[in-house]
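Colleague: My questions all concern the structure below.
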Amino acid sequence: MPADAYVNRIATAVPDNEVHRFFLDFAASLLAADPRSQQIFSRMADRAGIEQRYSCFAPTGDPSGGALDRDGIFRRDAFPGTGQRMEMFDRAAPELAQKTVQRLLPEAERSGVSHLIVATCTGFSAPGIDLELVARCGLPPSVERTMIGFVGCYAAINALKLARHIVRSKPAARVLVVNVEICTLHLKETHDLEKLLSFCLWGDGCAAALVTAEPHGLQLDGFHAAIAPDRRDLMSWHIRDDGFDMHLSGQVPAALQEILGKEISAILHGRATAEIDLWAIHPGGRSVLDAAERALGLGPQALDDSREVLRANGNMSSATIMFVLERMLKRAAPGQLGCAMAFGPGLTAETMIFRTA
């Protein structure tokens, strides 16, 4: 009989630079010639449920000035191209991932890691973050490495799904799962209100988790993917000359509410929503959490962990759901049943059933 897989531990980290209000003021300055749009932007940004976000680059003191960062890379009318942004990713992502892995694993435990799964959708390079972590953290050179790239915010669920398959086939495996996202590198200089509102969600962050057959932490019980192919244009993620371009339609919350309403029985493997004690919903935005709450008929406190992660960090793409699970792992009572969900392009909902051991 296959071994059960458990998330034994989760560690998280964000960069040092808190930038939320700075980014909001910069975005509002781009709408100065259109007071009506500026007013709409400010009103919606203030209702987003976000108070803090963090970035790998240090902002200047003036969001209306000629440069946004202290290094002068993001200059008005001369924002960097994709190549320069990837150079920044090459520096920032391994550093943040290293800090997170060091929080998760004492040095003496790192030589025992048998598999490494890295998920990111905000940058590309080769040799990549996986090999950087082997060198920086003292992981075995023979560690089996897998990269999950460019699938968006639900990549963490896919990574845990793969980790579960590994542990079930190799019960002695010790799988290190790392989700690192440097979303703020893809800041755009635009007058498009929808794009500006979308960017007001994003922050940088990293999560690392250890998955083994040792029976403590969160037991990974099962997974289900729900796709709405007729809604695939509502959320997309493309590589452009001026960075990665995320399109996030205002119709996404309603579409997700519809998907969850149709798929909830399959997501819960036939259980009723009342049987679920813990709801770890990816905080893609306040409206996304509100839509999930309505679709699932949840009480006002059910998504407190998701709303707190959104408030404190914004949307960190694939790392975000792991921040939510970290909070639950710290406070959950043994024997509780949970459901995790994360959403991304497609329109896709990747979901997971878990139990607290």
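First residue of the sequence shown: 73, per the working numbering; consecutive thereafter.
Glycine is no exception: its CB is placed at the ideal position from the N, C-alpha and C atoms.
Ile-339: which of Leu-397, Ala-191, Gly-410 and Thr-218 sits nearest, CA to CA?
Modeller: As a first step, residue 339 must be located in the sequence shown, where it is residue number 267. Nearest option by C-alpha distance: Gly-410.
Colleague: Please report the distance separating the alpha-carbon of Thr-84 from that of Val-173.
Modeller: One-based indexing of the sequence shown puts residue 84 at position 12. One-based indexing of the sequence shown puts residue 173 at position 101. Going by the C-alpha atoms only, they are around 9 Å apart.
Colleague: Any idea what DSSP makes of Thr-420, helix, strand or coil?
Modeller: Position 348 of the sequence shown holds residue 420. Thr-420 falls in the strand class under three-state DSSP.
Colleague: With Glu-253 as the anchor, note down where its beta strand (DSSP E) starts and where it stops.
Modeller: As a first step, residue 253 is located in the sequence shown; it is residue number 181 there, counting from the start. 247-254 is the span of the beta strand (DSSP E), which, as asked, contains Glu-253.
Colleague: DSSP three-state label for His-263, please.
Modeller: Counting from one through the sequence shown, the residue named residue 263 turns up at place 191. Residue state, collapsed to three classes: coil.
Colleague: For Arg-115, is the classification buried or exposed, using 16 other Cβ atoms within 10 angstroms of its Cβ as the cut-off for buried?
Modeller: Along the sequence shown, read from residue 1 onward, the residue named residue 115 stands at position 43. Its Cβ having fewer than 16 others within 10 Å, Arg-115 is exposed.
Colleague: By how many angstroms is the C-alpha of Ile-82 removed from the C-alpha of Ala-429?
Modeller: Locating residue 429 in the sequence shown gives position 357, counting from the first residue. Locating residue 82 in the sequence shown gives position 10, counting from the first residue. Those two C-alpha atoms are separated by around 15 Å.
Colleague: By DSSP, does Glu-123 sit in helix, in strand, or in coil?
Modeller: Counting from 1 along the sequence shown, the entry for residue 123 is found at position 51. Coil, per DSSP.
Colleague: Looking at Arg-240 and Leu-77, is the spacing between their C-beta atoms short of 8 Å?
Modeller: To locate residue 77, count along the sequence shown from 1; it is residue 5. To locate residue 240, count along the sequence shown from 1; it is residue 168. With the sequence shown as reference, residue 77 is identified as Ala, and Leu is not the correct amino acid for it. Going by C-beta atoms, Ala-77 is nearer than 8 Å to Arg-240.
Colleague: Less than 7 Å between C-beta atoms, sequence neighbours within five positions excluded: which residues of the same chain meet that for Val-215?
Modeller: Taking the first residue of the sequence shown as position 1, residue 215 is located at position 143. These residues qualify, in order along the chain: Val-185, Ser-186, His-187, Leu-188 and Val-206.
Colleague: If I follow the unbroken alpha helix (DSSP H) through Thr-172, where does it start and stop?
Modeller: Locating residue 172 in the sequence shown gives position 100, where the first residue counts as 1. 154-176 is the span of the alpha helix (DSSP H), which, as asked, contains Thr-172.
Colleague: Going by DSSP in three states, Gly-333 sits in which element: helix, strand or coil?
Modeller: Counting from 1 along the sequence shown, the entry for residue 333 is found at position 261. Gly-333 falls in the helix class under three-state DSSP.
Colleague: Name, in chain order, the residues that DSSP records as bridge partners for Phe-316.
Modeller: Taking the sequence shown and counting its residues from 1, one reaches residue 316 at position 244. Per DSSP, Ile-311.
Colleague: Below 8 Å, how does it come out for the stretch 267-285 and the stretch 242-255: are there three or more Cβ pairs, yes or no?
Modeller: Yes, the stretch 267-285 touches the stretch 242-255.
Colleague: For Gly-416, collect the residues of the same chain with a Cβ closer than 7 Å to its Cβ; drop the 5 residues on either side in sequence, then sort them by chain order.
Modeller: One-based indexing of the sequence shown puts residue 416 at position 344. Contacts found: Val-223, Gly-224, Cys-225, Tyr-226 and Met-307.
Colleague: Could you name the residues that DSSP lists as bridge partners for Cys-128?
Modeller: Translated into the one-based positions of the sequence shown, residue 128 becomes position 56. Paired residues: none, contrary to the question.
Colleague: Can you find the residues in the same chain that come closer than 7 Å, C-beta to C-beta, to Arg-93, ignoring five residues on each side of it along the sequence?
Modeller: In the sequence shown, the residue the question calls residue 93 occupies position 21. Taken in chain order, the list of residues that qualify is empty.
Colleague: Using CA atoms only, rank isn't needed, just tell me which of Leu-382, Val-381, Met-400 and Ala-191 is closest to Ser-390.
Modeller: Locating residue 390 in the sequence shown gives position 318, where the first residue counts as 1. With distances taken between Cα atoms, Ser-390 lies closest to Ala-191.
Colleague: Measuring CB to CB, does Ser-359 end up less than 8 Å from Pro-406?
Modeller: Within the sequence shown, the letter at position 287 stands for residue 359. Within the sequence shown, the letter at position 334 stands for residue 406. It is not a contact, given that the beta carbons lie outside the stated cut-off.
Colleague: Output the distance between the C-alpha atoms of Ser-270 and Leu-328, rounded to the nearest integer angstrom.
Modeller: Position 198 of the sequence shown, counting from 1, holds the residue named residue 270. Position 256 of the sequence shown, counting from 1, holds the residue named residue 328. For Ser-270 and Leu-328, the distance between alpha carbons rounds to 17 Å.
Colleague: For Met-400, report the span of its beta strand (DSSP E) as first-last.
Modeller: Position 328 of the sequence shown, counted from the start, is the residue given in the question as residue 400. Note, Met-400: premise wrong, no beta strand (DSSP E); alpha helix (DSSP H) at 392-403.
Colleague: What does the alpha-carbon distance come out to for the pair Arg-236 and Pro-213?
Modeller: Position 164 of the sequence shown, counted from the start, is the residue given in the question as residue 236. Position 141 of the sequence shown, counted from the start, is the residue given in the question as residue 213. Straight-line Cα distance between these residues: approximately 22 Å.
Colleague: Between Ala-281 and the rest of its own chain, which residues show a CB-CB distance below 6 Å, the 5 nearest in sequence each way excluded?
Modeller: Within the sequence shown, numbered from 1, the residue matching residue 281 stands at position 209. Closer than 6 Å at Cβ, skipping near neighbours: Val-79, Ile-82 and Val-249.
Colleague: Looking at the secondary structure, which residues open and close the beta strand (DSSP E) in which Gln-291 lies?
Modeller: In the sequence shown, the residue the question calls residue 291 occupies position 219. From DSSP, the beta strand (DSSP E) with Gln-291 extends over 290-299.
Colleague: Quick one: what does DSSP say Arg-148 is sitting in, helix, strand or coil?
Modeller: As a working note, residue 148 is residue 76 in the sequence shown. It is coil, neither helix nor strand.
Colleague: Which residues does DSSP list as the beta-bridge partners of Ala-414?
Modeller: Start at 1 with the first residue of the sequence shown, and residue 414 comes out as number 342. Per DSSP, Glu-422.
Colleague: Exposed or buried, which one is Ile-311 when buried takes at least 16 other CB atoms within 10 Å?
Modeller: For the purposes of this step, residue 311 is taken as the residue at position 239 of the sequence shown. Flag for Ile-311 reads exposed.
Colleague: Can you tell me whether Met-318 is buried or exposed, with buried defined as 16 or more other CB within 10 angstroms of its CB?
Modeller: Your numbering for residue 318 matches position 246 in the sequence shown. It counts as buried.
Colleague: Could you check if Ala-279 is buried or exposed, using at least 16 other CB atoms within 10 Å of its CB as the buried criterion?
Modeller: On the sequence shown, residue 279 is found 207 positions in, with the first residue counted as 1. It is buried - the Cβ of Ala-279 has at least 16 other Cβ atoms within 10 Å.
Colleague: Here's the rule I'm using: 16 or more other beta-carbon atoms within 10 Å means buried, otherwise exposed. How should Arg-433 be labelled?
Modeller: Because the chain spans 73 through 429 in this model, residue 433 falls outside it and cannot be assessed.
Colleague: I believe Tyr-126 touches Glu-159 by the beta-carbon criterion, under 8 Å. Please report the beta-carbon distance rounded to the nearest angstrom.
Modeller: Counting from one through the sequence shown, the residue named residue 126 turns up at place 54. Counting from one through the sequence shown, the residue named residue 159 turns up at place 87. Contact doesn't hold; Cβ gap of about 20 Å is too wide.
Colleague: List the whole-angstrom C-beta distance separating Ala-14 from Ile-393, where the pair is believed to meet the contact cut-off of C-beta under 8 Å.
Modeller: The structure shown does not extend to residue 14, since the chain is modelled only from 73 through 429, so no value can be given for it.
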